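Trainee: Sharing a structure here in structure tokens format.
There are 2 protein chains.
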Amino acid sequence: MSLMIVGTMAFDALETPFGKVDRIIGGSATYAAWSASNFTQKIKQVSIIGGDFPQDEMDALAERGVSMEGVEVVKDGKSFFWSGRYHMDMNTRDTLVTELNVLEHFNPQLPDSYQDCEFLMLGNLAPAVQISVINQLKKRPKLIVMDTMNFWMDVALDELKKVMGMVDVLMVNDSEARQLSGEFSLVKAAAKIQQMGPKYLIIKKGEHGALLFSGKQVFFAPALPLEEVFDPTGAGDTFAGGFIGHIARTKDVSFENMKTGIIVGSAMASYCVEKFGPNRLKELTTDEIDARIDEFVELVNFDISIIS
Amino acid sequence: MSLMIVGTMAFDALETPFGKVDRIIGGSATYAAWSASNFTQKIKQVSIIGGDFPQDEMDALAERGVSMEGVEVVKDGKSFFWSGRYHMDMNTRDTLVTELNVLEHFNPQLPDSYQDCEFLMLGNLAPAVQISVINQLKKRPKLIVMDTMNFWMDVALDELKKVMGMVDVLMVNDSEARQLSGEFSLVKAAAKIQQMGPKYLIIKKGEHGALLFSGKQVFFAPALPLEEVFDPTGAGDTFAGGFIGHIARTKDVSFENMKTGIIVGSAMASYCVEKFGPNRLKELTTDEIDARIDEFVELVNFDISIIS
């Protein structure tokens, strides 16, 4: 039984108020796999890369227990490339360049060895690709989590709604939740989105934390107040990887355990933003992760016993 | 021993996406007193009003145990008036009208009966007025909390810094913390502001919650996700009233107890925004307050025991 992660493996060029990199490893599946591999070693990666993607990056993930059998390599193609510039608040960014390259013809074919998928993380991709992956699985996973973005709401809303009806957990940010639901209040937005299919909704609010909704239940996890957010690229994918990694480790898909998963994801994301790209994730130790989770406990822990 | 609240008692005219009122009771001391009076009945109010301020509003507060001896009535004067319009996100607003009226010559003289002040809440006012109040007290209160706003940073920074050196707790919002410190990171801003005097700093982030900093300690309280924020006016003052009311009730000025105070203040603020003006606060029951505090516990409570 394993965790399957579907998403991009790519190059990014980034500008933040703290620096600039011209070409660094990125992609939703890259961040998610690095993050999740701290919690489970049975990860099956699904992605597509060009001949330009470094072999040592593939090897490094493979050493963490991530199977690369489902990563299609287009030898004479170029990997997906994204370039963006962050504003001072780090919550808003301008896309400077998007080169789809090999991603334009991404039509993943799952290897047989991937059929044991118990937990499925669908990174932000065309809804049609997400649907195709689900449909290829002979046995429905215990939990399907999907990420998406406003772009697909603009250009592929019908397909997006279709895949939403097939998954358990949807992850979007606050403005996407508002766009998708047509409601400004996130409480109302969450209710409407759950009616579209997913029983669980995670709304990511960047530096303002994340909310988990299911029915009448709601849970809030703050983001850790940081001295410096160096580069927010991949923070959402790292969060997703930590969340699903924790679920895969515990094999517990209850609301209570998802709450813990969100804290784990938040802790991972708080590390991700400390350096450019996935660099900080690659060097993380278990002790560091535990210490960061303890910081979250301290951050929100209060005593109401003195209130009579 | 008592809690002294210093601030405005006023009229507001408000426009929100949900409605409009031309003239409603407002003012920082009004909201703070209504809020705090749920937790302590020894409140000494310090404010100034015109002959136009309704006697029944004064009587209603007096019935809650709030002494009006320190409220100066200028019979032929008009009460402070503020008019504003909220944007859809309810976090930003435009001031349409500010008529200082009697507030222009506010020079509070504390009655002798106010000298037993143990806890002092200085609402947002000219720093010179805040300093004058502190200086009139023969015995320093156990805890002095002050609120302020960006306006005083623009026009009276030196006096603001002086009063900051005399208080224990400063309350500001996130943009004010950034302006005051010149730091974008709230962690860095908090460190700098503490160097200016206050040992404790509370940064209010509206719908995104509140942070409490002291030295290396940090605590985060979320705002309750609400279906509707009807009118955010007075939410910050209601928060302050709940915070200091809880401190006065427990007579415990530790960081741990301030955390609980912030939850109590957040619960009160979440009720305040449900109706125009202080109307919701006036009808609140103890059971309702306890139920809302329980919601906060549920909202942030998670289990890490399953993480090995």
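The listed protein sequences derive, respectively, from chains A and B. For the first sequence, my numbering gives the first residue as 33, with consecutive numbering after it. For the second sequence, my numbering gives the first residue as 33, with consecutive numbering after it. Heads up, the beta-carbon is just placed ideally off N, CA and C, and yes, glycines get one too. On a predicted model such as this, the values are computed, not experimentally measured, just so you know.
For residue 120(A), which residues in chain B fall below 7 Å Cβ to Cβ?
Mentor: Counting from 1 along the first sequence, the entry for residue 120(A) is found at position 88. Simply 216.
Trainee: In the structure shown, what three-state DSSP assignment does residue 341(B) receive?
Mentor: Past the boundaries of the shown model lies residue 341(B); chain B is included only from 33 to 340, so the question cannot be answered.
Trainee: Is the beta carbon of residue 301(B) sitting closer than 7 Å to the one on residue 325(B)?
Mentor: The residue given as residue 301(B) occupies position 269 in the second sequence. The residue given as residue 325(B) occupies position 293 in the second sequence. No. Outside cutoff.
Trainee: How would you call residue 88(A), buried or exposed, if buried means at least 16 neighbouring beta carbons within 10 angstroms?
Mentor: Walking along the first sequence from the start, residue 88(A) turns up at place 56. The residue in question, residue 88(A), is exposed, as its Cβ has fewer than 16 Cβ neighbours within 10 Å.
Trainee: For a cutoff of 7 Å on Cβ pairs, would you count residue 166(B) as touching chain A?
Mentor: Residue 166(B) sits at position 134 when you count from the first residue of the second sequence. By this cut-off, residue 166(B) is not an interface position.
Trainee: Taking contact to mean 3 or more Cβ pairs, one atom from each stretch, closer than 8 Å, check whether the segment 262-275 of chain B and the segment 220-227 of chain B are in contact.
Mentor: Segments in contact, no.
Trainee: Would you report the Cα separation of residue 177(A) and residue 65(A), rounded to the nearest angstrom?
Mentor: By one-based count along the first sequence, residue 177(A) stands at place 145. By one-based count along the first sequence, residue 65(A) stands at place 33. Those two C-alpha atoms are separated by around 14 Å.
Trainee: Less than 7 Å between the beta carbons of residue 281(A) and residue 113(A), yes or no?
Mentor: Numbered from 1 along the first sequence, position 249 holds the residue referred to as residue 281(A). Numbered from 1 along the first sequence, position 81 holds the residue referred to as residue 113(A). It is not a contact, given that the beta carbons lie outside the stated cut-off.
Trainee: Considering only DSSP beta bridges, list what residue 179(B) is partnered with.
Mentor: The sequence position of residue 179(B) within the second sequence is 147, counting from 1. Answer is 203(B).
Trainee: If you follow the beta strand (DSSP E) that residue 45(B) is part of, which residue opens it and which one closes it?
Mentor: As a first step, residue 45(B) is located in the second sequence; it is residue number 13 there, counting from the start. Here the beta strand (DSSP E) through residue 45(B) covers 42-48.
Trainee: Given a limit of 9 Å on CB to CB distance, which residues of the segment 75-99 of chain B reach chain A?
Mentor: Residues: none.
Trainee: Buried or exposed: which applies to residue 200(A), given that a residue is buried once 16 or more other Cβ atoms fall within 10 Å of its Cβ?
Mentor: To locate residue 200(A), count along the first sequence from 1; it is residue 168. When all chains shown are included, residue 200(A) counts as buried.
Trainee: Okay, do the segment 35-45 of chain A and the segment 144-155 of chain A touch, 3+ Cβ pairs below 8 Å being the bar?
Mentor: Verdict: yes, contact present.
Trainee: Quick one: which unbroken beta strand (DSSP E) runs of 3-plus residues sit fully inside the segment 56-121 of chain B? Chain order, please.
Mentor: Entirely contained in the segment 56-121 of chain B, the beta strand (DSSP E) runs reaching 3 residues are, in chain order, 75-82, 98-106 and 112-118.
Trainee: Mind checking which residues open and close the beta strand (DSSP E) that includes residue 356(B)?
Mentor: Examination of residue 356(B) is not possible in this model, given that chain B is present from 33 through 340 alone.
Trainee: Between residue 147(A) and residue 181(A), what straight-line distance do the alpha-carbon atoms span, to the nearest angstrom?
Mentor: In the first sequence, counting from the first residue as 1, residue 147(A) sits at position 115. In the first sequence, counting from the first residue as 1, residue 181(A) sits at position 149. For residue 147(A) and residue 181(A), the distance between alpha carbons rounds to 27 Å.
Trainee: At what residues does the beta strand (DSSP E) containing residue 236(A) begin and finish?
Mentor: Locating residue 236(A) in the first sequence gives position 204, counting from the first residue. Per DSSP, residue 236(A) belongs to the beta strand (DSSP E) from 232-236.
Trainee: Helix, strand or coil for residue 295(A), going by three-state DSSP, please let me know.
Mentor: Taking the first sequence and counting its residues from 1, the one referred to as residue 295(A) is at position 263. Three-state result, residue 295(A): helix.
Trainee: List the residues that DSSP assigns as beta-bridge partners of residue 127(B).
Mentor: By one-based count along the second sequence, residue 127(B) stands at place 95. The partner list for residue 127(B) (beta bridge, DSSP) reads 116(B).
Trainee: List the DSSP bridge partners of residue 253(B).
Mentor: The sequence position of residue 253(B) within the second sequence is 221, counting from 1. Residue 253(B) is bridged to 242(B).
Trainee: Give the straight-line distance between the Cα atoms of residue 129(B) and residue 116(B), rounded to the nearest whole angstrom.
Mentor: Walking along the second sequence from the start, residue 129(B) turns up at place 97. Walking along the second sequence from the start, residue 116(B) turns up at place 84. Straight-line Cα distance between these residues: approximately 7 Å.
Trainee: Going by other Cβ atoms of all chains shown within 10 Å of its Cβ, with 16 needed for buried, is residue 50(A) buried or exposed?
Mentor: As a first step, residue 50(A) is located in the first sequence; it is residue number 18 there, counting from the start. So residue 50(A) ends up on the exposed side.
Trainee: Let's test the definition: count the other Cβ atoms within 10 Å of the Cβ of residue 119(A) and tell me whether it reaches 16, buried, or not, exposed.
Mentor: Counting from 1 along the first sequence, the entry for residue 119(A) is found at position 87. Residue 119(A) should be labelled exposed.
Trainee: Classify residue 323(B) as buried or exposed, calling it buried when 16 or more other Cβ atoms lie within 10 Å of its own Cβ.
Mentor: Position 291 of the second sequence, counting from 1, holds the residue named residue 323(B). Exposed.
Trainee: Would you kindly check if the distance between the Cβ of residue 59(A) and the Cβ of residue 45(A) is under 7 Å?
Mentor: Sequence index remark: in the first sequence, residue 45(A) carries index 13 (1-based). Sequence index remark: in the first sequence, residue 59(A) carries index 27 (1-based). Going by C-beta atoms, residue 45(A) is not nearer than 7 Å to residue 59(A).
Trainee: If you compare alpha carbons, which of 97(A), 287(A) and 92(A) is closest to residue 347(B)?
Mentor: This structure does not reach residue 347(B), given that chain B is present from 33 up to 340, and the question cannot be answered.
Trainee: May I ask you to list, following chain order, the residues of the segment 240-251 of chain B that have a beta carbon less than 9 Å from some beta carbon of chain A?
Mentor: Within the segment 240-251 of chain B, the qualifying residues are 240, 241, 243, 245, 249, 250 and 251.
Trainee: Please confirm whether residue 106(A) and residue 82(A) have their CB atoms less than 7 Å apart.
Mentor: As a working note, residue 106(A) is residue 74 in the first sequence. As a working note, residue 82(A) is residue 50 in the first sequence. Contact flag set, yes.
Trainee: Taking the alpha-carbon of residue 175(A) as reference, which of 332(A), 275(A), 54(A) and 254(A) has the nearest alpha-carbon?
Mentor: Residue 175(A) sits at position 143 when you count from the first residue of the first sequence. Per the Cα distances, 275(A).
Trainee: I need the straight-line Cα distance from residue 123(A) to residue 108(B), nearest angstrom please.
Mentor: By 1-based counting over the first sequence, the position of residue 123(A) is 91. By 1-based counting over the second sequence, the position of residue 108(B) is 76. The straight-line gap from Cα to Cα measures roughly 51 Å.
Trainee: Buried or exposed: which applies to residue 340(B), given that a residue is buried once 16 or more other Cβ atoms fall within 10 Å of its Cβ?
Mentor: Here residue 340(B) refers to the residue found at position 308 when the second sequence is read from its first residue. At residue 340(B), the pLDDT of 48 sits below 50, so the modelled position is not reliable; the number obtained from the coordinates is stated separately. When all chains shown are included, residue 340(B) counts as exposed.
Trainee: In whole angstroms, what separates the C-alpha of residue 235(B) from that of residue 168(B)?
Mentor: On the second sequence, residue 235(B) is found 203 positions in, with the first residue counted as 1. On the second sequence, residue 168(B) is found 136 positions in, with the first residue counted as 1. Straight-line Cα distance between these residues: approximately 28 Å.
Trainee: What distance in whole Å lies between the Cβ atoms of residue 294(A) and residue 242(A), which are believed to be in contact at a cut-off of 8 Å?
Mentor: Stepping through the first sequence from its first residue, residue 242(A) is reached at position 210. Stepping through the first sequence from its first residue, residue 294(A) is reached at position 262. Right, their Cβ atoms sit about 6 Å apart.
Trainee: Could you give the DSSP three-state label for residue 193(A): helix, strand or coil?
Mentor: Here residue 193(A) refers to the residue found at position 161 when the first sequence is read from its first residue. In this structure, residue 193(A) counts as helix in the three-state DSSP scheme.
Trainee: So which residues on chain B does residue 260(A) lean against when the C-beta distance must stay under 9 Å?
Mentor: Translated into positions along the first sequence, residue 260(A) becomes position 228. Near residue 260(A) (Cβ distances below 9 Å), the residues of chain B are 217, 219 and 220.
Trainee: If residue 290(B) sits next to residue 244(B), beta carbons under 8 Å apart, how far is it from one beta carbon to the other, in whole angstroms?
Mentor: Locating residue 290(B) in the second sequence gives position 258, where the first residue counts as 1. Locating residue 244(B) in the second sequence gives position 212, where the first residue counts as 1. That belief holds up - the Cβ atoms of residue 290(B) and residue 244(B) are roughly 6 Å apart, short of 8 Å.
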